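**Q** Protein chains in written order, with UniProt numbering: chain A, 1 to 260; chain P, 1 to 260. Built from N, CA and C at the ideal position, the CB exists for glycine as well. Here the structure is a predicted model, which means the values were calculated and not measured. If you scroll down you'll find the structure; I have some questions about it.
Printed below as a string of structure tokens:
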């Protein structure tokens with residue numbers, strides 16, 4: 001699988017190219033304007049938004065399929081991407097809805113039949129730097145947009161459950177996931193870092209406790225710089241200590257478990 | 001899927017009954033003689049041990065398939081069972097090895113061909129009470145045995161990687177997993193509980209710290225009983241406070257993150 005393809009082409013190829021009954025879905029998370037965002041796509045012929053996803057080609061590892069989806073949608077390579085779970089309930093997809101989708105794309109007969117069968121989805125989440133992403137879609141057929149993680153529109157199939165499971169997994173493993181390092185630019189403010197943890201933990205965090213702990217564990221360091229912030233007091237800027245953060249991914253940052 | 005079936009029958013049925021290219025593998029963990037054990041099976045015609053596993057019937061949710069495997073192997077229902085990851089690398093299975101297996105079972109021609117294709121495995125782990133399990137296998141074809149988690153024989157395909165990923169996932173989420181509650185009998189000693197955490201964390205834990213923290217978080221309570229222990233001092237017995245443990249599974253036990 002090299003080239004990006006239009007959805008119609010993909011649906012037409014089907015099981016000659018892809019493993020049947022298997023899809024990949026990617027929760028792509030970015031941070032912007034002090035909120036955690038998730039990238040969603042929509043076929044213009046359909047009403048519901050869905051996760052960026054695809055299928056596993058017969059010559060691909062699932063991780064490669066997920067990287068392909070991510071690159072096709074955002075232009076990004078070499079980003080933080082992890083498999084986290086699978087979704088396979090027999091009624092998770094409304095096969096009637098998929099059949100309607102085929103009709104709207106004018107795919108008829110045997111060609112599209114594979115797409116009305118049952119699918120088990122392999123779930124991936126990715127943490128990317130919002131400003132580095134360029135949203136690519138096939139404009140004839142698709143839209144793509146960032147949504148606040150707290151304000152998601154009605155989604156296709158069980159995609160809301162897939163997002164909820166991803167955030168719950170991240171919450172349970174938060175000490176092992178380099179959230180800030182993957183999501184923030186090189187220089188960031190303490191409120192920005194706190195915002196990310198608040199979005200994942202789903203609650204407010206005490207401002208002073210957070211700052212004290214974040215500084216005490218030695219994974220970030222203050223810069224001798226502030227950011228211009230109009231009429232407000234200019235906030236201090238911080239940066240990550242890369243080696244320490246990589247270590248944390250392996251062994252966990254104790255203080256980052258949800259003990260703020 | 002109702003009745004347990006011999007491996008030969010299952011391999012003969014194949015894609016008429018099951019979703020192609022998908023398997024489930026179960027890491028069944030039990031605790032005995034102060035060590036954490038994993039249940040492994042072996043076809044008598046093969047040399048390598050493997051995880052208890054099976055396929056997903058077309059009318060089953062994968063969770064139901066995993067529960068079926070678990071019940072067929074141990075007689076247990078209603079146990080702690082969680083999906084944790086999937087394994088799908090294109091070279092994860094030696095298809096030649098699978099073809100050899102078919103030959104040994106004397107399955108020829110088209111019938112077994114589905115089994116020499118690529119499989120994506122859905123990984124489950126289960127925590128069970130060792131003394132309640134009854135190992136069932138098809139004795140004509142199979143063996144089943146508990147192995148110390150630290151002393152596992154050479155395994156089929158990527159099954160060692162599946163076990164390592166399961167223990168690593170449990171380690172990262174240890175505050176959210178009712179390890180002791182699921183693995184220990186109603187009455188247990190403090191060293192038994194500590195043993196479980198040591199096996200999962202892969203290191204020794206300070207005896208006194210562990211005891212102090214376990215008691216301070218209020219999830220276990222001392223009983224006014226000891227266990228007879230021959231010439232040694234009789235150790236005190238403890239029990240779990242069920243409601244608290246169920247709460248912990250939802251919200252996490254902060255102190256159980258690897259901070260002993």
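Using 8 Å as the threshold, is the segment 21-31 of chain A in touch with the segment 161-171 of chain A, meaning 3 or more CB pairs across them?
**A** Because the criterion of three Cβ pairs below 8 Å is met, the segment 21-31 of chain A and the segment 161-171 of chain A touch.
**Q** Whole-angstrom Cβ separation of residue 86 (chain P) and residue 58 (chain P), contact assumed at under 8 Å?
**A** No, residue 86 (chain P) and residue 58 (chain P) are not in contact; Cβ-Cβ is about 19 Å, not under 8 Å.
**Q** Since residue 72 (chain A) and residue 159 (chain A) should fall inside the 8 Å C-beta cutoff, what is the C-beta to C-beta distance between them, to a whole number of angstroms?
**A** Incorrect: roughly 18 Å between the Cβ atoms, too far for contact.
**Q** Taking beta-carbon pairs under 9 Å, can you tell me which members of the segment 204-236 of chain P lie near chain A?
**A** Taking 9 Å as the Cβ-Cβ cut-off against chain A, none of the residues of the segment 204-236 of chain P qualify.
**Q** Which of the three DSSP states is assigned to residue 226 (chain P) in this structure?
**A** Correct three-state label for residue 226 (chain P): strand.
**Q** Would you check if the segment 189-196 of chain P and the segment 139-147 of chain P touch, i.e. whether three or more CB-CB distances between them fall below 8 Å?
**A** As far as the Cβ criterion goes, the segment 139-147 of chain P does not touch the segment 189-196 of chain P, which means the pair count is below three.
**Q** State the Cα-Cα distance for the pair residue 131 (chain A) and residue 48 (chain A), rounded to the nearest angstrom.
**A** Cα to Cα, residue 131 (chain A) sits roughly 26 Å from residue 48 (chain A).
**Q** Please list, in chain order, the residues of the segment 163-190 of chain P that have any C-beta partner in chain A closer than 7 Å.
**A** From the segment 163-190 of chain P, only 172, 173, 175, 176 have a Cβ closer than 7 Å to chain A.
**Q** The alpha helix (DSSP H) spanning residue 96 (chain A) covers which residue range?
**A** Segment 95-104, the alpha helix (DSSP H) holding residue 96 (chain A).
**Q** Can you tell which of A:134, A:119, A:38, A:56 has its C-alpha closest to the C-alpha of residue 10 (chain A)?
**A** When each option's Cα is compared against that of residue 10 (chain A), the closest is A:56.
**Q** Residues of chain P with CB under 7 Å from residue 76 (chain A), in chain order?
**A** Here the premise fails: no neighbours, minimum Cβ distance about 22 Å.
**Q** Under the DSSP definition of a beta bridge, which residues are partnered with residue 114 (chain P)?
**A** Residue 114 (chain P) pairs with nothing; no bridge assigned.
**Q** Figure out for me which residue from P:68, P:106, P:109, P:187 has the closest Cα to the Cα of residue 236 (chain P).
**A** Considering only alpha carbons, the answer is P:187.
**Q** If you draw a straight line from the C-alpha of residue 240 (chain P) to the C-alpha of residue 107 (chain A), how long is it?
**A** The alpha-carbon atoms of residue 240 (chain P) and residue 107 (chain A) are separated by roughly 58 Å.
**Q** Please decide whether residue 96 (chain A) counts as near chain P, where near means a Cβ-Cβ distance under 8 Å.
**A** Not an interface residue.
**Q** Determine whether the Cβ of residue 69 (chain A) lies closer than 8 Å to any Cβ atom of chain P.
**A** False, the Cβ-Cβ gap to chain P never drops below 8 Å.
**Q** Of the residues P:126, P:175, P:16, P:206, which one's Cα is nearest the Cα of residue 68 (chain P)?
**A** Of the candidates P:126, P:175, P:16, P:206, the one whose C-alpha sits nearest the C-alpha of residue 68 (chain P) is P:126.
**Q** Any Cβ of chain A within less than 8 Å of the Cβ of residue 83 (chain P)?
**A** Chain A contact via Cβ: present.
**Q** Near residue 247 (chain P), what residues of its chain come up, given a Cβ to Cβ distance below 6 Å and the 5 sequence neighbours on each side ignored?
**A** For residue 247 (chain P), where only same-chain residues beyond five positions count, there are no Cβ hits under 6 Å.
**Q** Anyone know if the C-beta pair for residue 22 (chain P) and residue 120 (chain A) falls short of 8 Å?
**A** For residue 22 (chain P) and residue 120 (chain A), yes; Cβs fall inside 8 Å.
**Q** Got a sec: is the Cβ-Cβ distance from residue 90 (chain A) to anything in chain P below 8 Å?
**A** By this cut-off, residue 90 (chain A) is an interface position.
**Q** Quick check: residue 124 (chain A) and residue 84 (chain A), are their CB atoms within less than 8 Å of each other?
**A** Yes, the pair counts as a contact, with Cβ atoms nearer than the cut-off.
**Q** Taking 8 Å as the CB-CB cut-off, is residue 21 (chain A) touching chain P?
**A** Yes - at least one Cβ of chain P is within 8 Å of the one on residue 21 (chain A).
**Q** If residue 189 (chain P) sits next to residue 227 (chain P), beta carbons under 8 Å apart, how far is it from one beta carbon to the other, in whole angstroms?
**A** Indeed they touch by this definition, with Cβ atoms about 6 Å apart.
**Q** Based on DSSP bridge pairs, tell me the residues matched to residue 188 (chain P).
**A** Bridge partners of residue 188 (chain P): P:238.
**Q** Exposed or buried, what is residue 60 (chain P) when buried is set at 16 or more other beta-carbons lying within 10 Å of its beta-carbon?
**A** That one is buried.
**Q** Consult DSSP for residue 89 (chain A) and reduce its assignment to one of helix, strand or coil.
**A** If DSSP states are grouped into helix, strand and coil, residue 89 (chain A) belongs with coil.
**Q** Kindly list the residues whose CB is nearer than 8 Å to the CB of residue 225 (chain A), restricted to its own chain and excluding five residues on each side of it in sequence; keep chain order.
**A** Within the same chain, residue 225 (chain A) has close Cβ partners 187, 236, 237.
**Q** Thinking residue 20 (chain P) and residue 20 (chain A) are a contact (beta carbons under 8 Å), I'd like their distance in whole angstroms, please.
**A** Residue 20 (chain P) to residue 20 (chain A), Cβ: 6 Å. Contact.
**Q** Ordered along the chain, which non-local residues of its own chain (more than five positions away) have a Cβ less than 7 Å from that of residue 155 (chain P)?
**A** 48, 49, 50.
**Q** Residue 262 (chain P) CB to nearest chain A CB: under 8 Å?
**A** Residue 262 (chain P) is absent from the model: chain P starts at 1 and stops at 260.
**Q** For residue 43 (chain P), which beta-bridge partners are listed by DSSP?
**A** Answer is P:142, bridged to residue 43 (chain P).
**Q** For residue 102 (chain A), would you say it is in contact with chain P, using Cβ-to-Cβ distances shorter than 8 Å as the test?
**A** It does not; no Cβ of chain P falls within 8 Å.
**Q** When the Cα of residue 43 (chain P) is compared with those of P:149, P:104, P:70, which residue comes out closest?
**A** Ranking P:149, P:104, P:70 by Cα distance to residue 43 (chain P) puts P:104 first.
**Q** Using a Cβ-Cβ cut-off of 6 Å (strictly less than) and excluding sequence neighbours within five positions of residue 98 (chain A), which residues of its own chain qualify?
**A** Here the set comprises 115, 116.
**Q** When you compare the CB positions of residue 15 (chain A) and residue 80 (chain A), do they come within less than 8 Å of one another, or not?
**A** Contact: no.
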